[in-house]
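Asks: Sequential numbering of the sequence shown, starting at 1, is according to full-length UniProt numbering.
The structure is given below, and queries will be raised subsequently.
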Amino acid sequence: MEKTYIMIKPDGVQRGLIGQILQRFEAKGLKLVASKLMVVSKAQAEKHYQEHVERSFFPELLGFITSGPVLAMVWEGDQAVVTCRNLIGKTNPVEAAPGTIRGDLALHTGMNLIHGSDSVESAEREIAIFFEQSEVQSYTKAADQWV
Ligand code: RTP
Ligand code: MG
Numbered sequence: 001m002e003k004t005y006i007m008i009k010p011d012g013v014q015r016g017l018i019g020q021i022l023q024r025f026e027a028k029g030l031k032l033v034a035s036k037l038m039v040v041s042k043a044q045a046e047k048h049y050q051e052h053v054e055r056s057f058f059p060e061l062l063g064f065i066t067s068g069p070v071l072a073m074v075w076e077g078d079q080a081v082v083t084c085r086n087l088i089g090k091t092n093p094v095e096a097a098p099g100t101i102r103g104d105l106a107l108h109t110g111m112n113l114i115h116g117s118d119s120v121e122s123a124e125r126e127i128a129i130f131f132e133q134s135e136v137q138s139y140t141k142a143a144d145q146w147v
């Protein structure tokens, strides 16, 4: 089953939006298989956002993502990567459709609440940055057969 790395960024934790964000993923029918509240280290942040190392906003991005606790998670489900990207919405909340997390709850690109892996390859890479294999659960849920 496909897995994706999802992270509620420091702004989402500070604004008290953890509960309502998680509710959207659960309601969609995805399965939470790993989760921890943690402060991202500089080394983890550099690895996680390595594709943006040359961008002008990179230092700001690193400063933001390491500025306070995040909720790091792995969600599992059929086509979990694209499904979660759709739930999250476009990078710039101004362009994110109403009904998406960023479209409903965020205003600015720099504080867009949540990260979701952009491909299956990225997901595998990112999960390994934040989780040991033993921290990722494998279990069946009675509801699996109903979604
Ligand atoms: P993320 O990786 O955080 O899930 O976001 P994303 O895929 O939608 O966007 P991405 O292009 O990967 O950018 C990563 C994060 O960098 C910040 N950003 N700032 N100032 C800017 O032009 C700019 N562009 C991107 C955003 O916080 C974005 O989520
Ligand atoms: Mg990205």
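Glycine included, every Cβ here is placed at the ideal spot set by N, Cα and C.
The structure presented is a predicted model; accordingly, all values stated were derived computationally and were not measured.
Once you ignore the five residues that flank V120 on each side, which residues in its own chain have a CB closer than 7 angstroms to its CB?
Replies: By 1-based counting over the sequence shown, the position of residue 120 is 120. Here the set comprises E2, V81.
Asks: Quick one: using the 10 Å Cβ neighbour count with 16 as the cut-off for buried, is L113 buried or exposed?
Replies: Taking the first residue of the sequence shown as 1, we reach residue 113 at position 113. Under this definition L113 is a buried residue.
Asks: Within 8 angstroms, do at least three Cβ pairs link the segment 97 to 106 to the segment 27 to 35?
Replies: The segment 27 to 35 vs the segment 97 to 106: no contact.
Asks: Sorry if obvious, but does the Cβ on G110 come closer than 7 angstroms to a heavy atom of the ligand RTP?
Replies: What you label residue 110 is simply residue 110 of the sequence shown in a count that begins at 1. True, at least one ligand heavy atom lies under 7 angstroms from that Cβ.
Asks: Is D118 near the ligand MG, in the sense that its beta carbon is under 7 angstroms from a heavy atom of that ligand?
Replies: In the sequence shown, counting from the first residue as 1, residue 118 sits at position 118. Indeed, a heavy atom of the ligand MG lies less than 7 angstroms from the Cβ.
Asks: Would you check whether the ligand RTP has a heavy atom nearer than 7 angstroms to the C-beta of L61?
Replies: Within the sequence shown, the letter at position 61 stands for residue 61. Checking the Cβ of L61 against the ligand RTP gives yes.
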